[in-house]
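Trainee:
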Amino acid sequence: TDSFQGECEHQRVKQFYPQVSKAKFTAGIAKQQCHECLLFKMAKASPHGKNRQDKQDSELLPYSDPQSHYHISTGTWYPVSIYKWLRQHMSDPA
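Numbered according to my numbering, the sequence shown spans residues 22 to 115.
#1: Between the beta-carbon of Ser67 and the beta-carbon of Leu82, is there less than 8 Å?
#2: Assuming Gly49 is part of the alpha helix (DSSP H), what are its boundary residues?
#3: Between the Cα of Ile50 and those of Tyr84, Ala64, Val34, Lys62, spot the shortest distance and give me the residue it belongs to.
#4: Residues in the same chain with beta-carbon distance under 7 Å from Gln40, minus the five sequence neighbours each way, listed in chain order, please.
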């Protein structure tokens, strides 16, 4: 199991290599790992994260003109799975 975990960590570190300076790749990979860890911590602490208990299912959008062809939200906190949406609207001929 230790060799498997070591190989998994090796593969995870390899993903950072193309993004860092080849002259100082050790420091660059360490910095990338630090950034990744920080981003995970920020996402976990965010009120908009997946662990939020009172999250609404959909975004409350302001009034939109019925004559407009479409209305696109500027927010990104309410993602919709396209596959789930398509399954729910299978009978829609559009």
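By construction, the Cβ of each residue, glycine as well, lies at the ideal position given by its N, Cα and C atoms. Keep in mind it's a predicted model, so treat the numbers as computed, not measured.
Mentor: The structure says:
#1: Not in contact: Ser67 and Leu82 (Cβ atoms no closer than 8 Å).
#2: 46 to 66
#3: Val34
#4: Gln53
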